[in-house]
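One structure below.
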Amino acid sequence: MDSSHAHLLDGKALAQRIQTQLQEQVEQLLSSYGRPPGLAVLMVGDNPASAAYVRNKERACAKVGITSFGRHFPTNTSQVELEETIQALNQDERVDGILVQLPLPDHLDSVSLLHQIHPDKDADGLHPVNLGRLVRGETALRSCTPAGVMRLLREYQIDVKGKQAVVVGRSILVGKPLTLMLLEADATVTIAHSRSQNLADLTRSADILIAAVGRPQLITADMVKPKAVVIDVGINRVTDDMGKSRLVGDVDFDPVREVAQFLTPVPGGVGAMTVAMLLHNTVLSYTRAHS
Ligand code: NAP
0 MDSSHAHLLD GKALAQRIQT QLQEQVEQLL SSYGRPPGLA VLMVGDNPAS AAYVRNKERA
60 CAKVGITSFG RHFPTNTSQV ELEETIQALN QDERVDGILV QLPLPDHLDS VSLLHQIHPD
120 KDADGLHPVN LGRLVRGETA LRSCTPAGVM RLLREYQIDV KGKQAVVVGR SILVGKPLTL
180 MLLEADATVT IAHSRSQNLA DLTRSADILI AAVGRPQLIT ADMVKPKAVV IDVGINRVTD
240 DMGKSRLVGD VDFDPVREVA QFLTPVPGGV GAMTVAMLLH NTVLSYTRAH S
């Protein structure tokens, strides 16, 4: 590695190691529990990005030995039909985790659907009971993307305690739960959003800077403190000058790599960890259902 460049945090490799560990765990538990773990991913409509995410999740499940009970509904599916499906999955003893792939078509109320999932099967950690437990610092199913970020920091022995962390983005999916997890790990946390003034001043104060916004190149090199740890949660599809489409994060990768000490690539960083944490949550629910 060139020492003037940030070290890359390899989420893909860590996710693969986690999946291998989960696969071994499932293999060991299978005979005593009498069934494999089960995950139901519910998708509505034909959003191509969502379809790709769902395929990824189901492929990863198969590798670990988790049975998929996923269902793909047409765009015009009613709220009632989805609620009934979730209720049936809540009762189904073969199913340990339920996930509603977001975003949903506009006529559906996603928050109300997420509330229908039994908290013990809430593989995405987005049910108010699990978010409430996170606020209280209690054991719970944790939201996958923020949990993946924390696991990646731990893996690379990046000390969070007492550090200044700045999270850009305040969504219930990423920014808010991640802020709570960093706080739990004793960081001093600032959360910034679209109305924050002087964003660059805030980000430059960060020992650990996390971008979870959804805007390519929002975080430029001049916004990063030298030797900071930079975690890029963003996933944006852009088309380059040659008309070729590719995925980028929220961080202006090459220039920021010259300034930061650690940096996550996109793809191959946080995204891979999100899937690993989903499998982790499913296996956790499976072991809890049998304990
Ligand atoms: P979201 O719900 O749209 O939230 C975006 C957040 O960014 C909001 O809090 C918004 O502020 C803030 N924001 C928007 N423009 C800003 C600006 N110019 N300066 C500062 N803050 C700004 O998005 P999300 O669901 O959290 O996702 C964020 C990104 O992460 C997306 O690219 C998404 O694809 C990606 N993502 C990745 C993974 C993964 O596995 N790697 C998982 C989930 C999401 P306001 O609250 O003021 O509107």
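Those letters in the sequence shown? Residues 0 to 290, by numbering that gives the first Met the number 0.
Glycine included, C-beta positions come from ideal geometry on N, C-alpha and C.
Just the C-alpha distance for G136 and V110, rounded to the nearest angstrom, thanks.
-> 23 Å
Any non-hydrogen atom of the ligand NAP within 8 Å of G64 CB | Because no heavy atom of the ligand NAP lies under 8 Å away, the Cβ of G64 does not count as near it: no.
Minimum C-alpha distance to F72 - residue among G213, C60, M42, A288 | M42
Check: S55 C-beta below 8 Å from any heavy atom of the ligand NAP = Note that residue 55 is Asn in the sequence shown, not Ser. No, the beta carbon of N55 sits no closer than 8 Å to any heavy atom of the ligand NAP.
Does DSSP classify I85 as helix, strand or coil?
-> helix
Span of the beta strand (DSSP E), counted from its first residue to its last, around M42 = 37-43
Do the region 117-128 and the region 224-237 meet, that is, are 3 or more Cβ pairs less than 8 Å apart?
-> no
Identify whether A191 lies in helix, strand or coil by the three-state DSSP scheme.
-> strand
Could you give the C-beta distance for V173 and L181, rounded to a whole number, given that I count them as a contact under 8 Å?
-> In fact, because the Cβ distance is near 12 Å, the residues do not count as touching under 8 Å.
Taking only runs of the beta strand (DSSP E) that begin and end inside the region 84-159, which ones reach a length of at least 3 residues, in chain order?
-> 96-99
Taking only runs that begin and end inside the region 217-246, name each unbroken beta strand (DSSP E) of 3 or more residues, in chain order.
-> 228-231, 235-238
Could you pull out every residue in the same chain whose Cβ sits closer than 6 Å to the Cβ of M276, ignoring the five residues on either side in sequence?
-> C143, A146, G147
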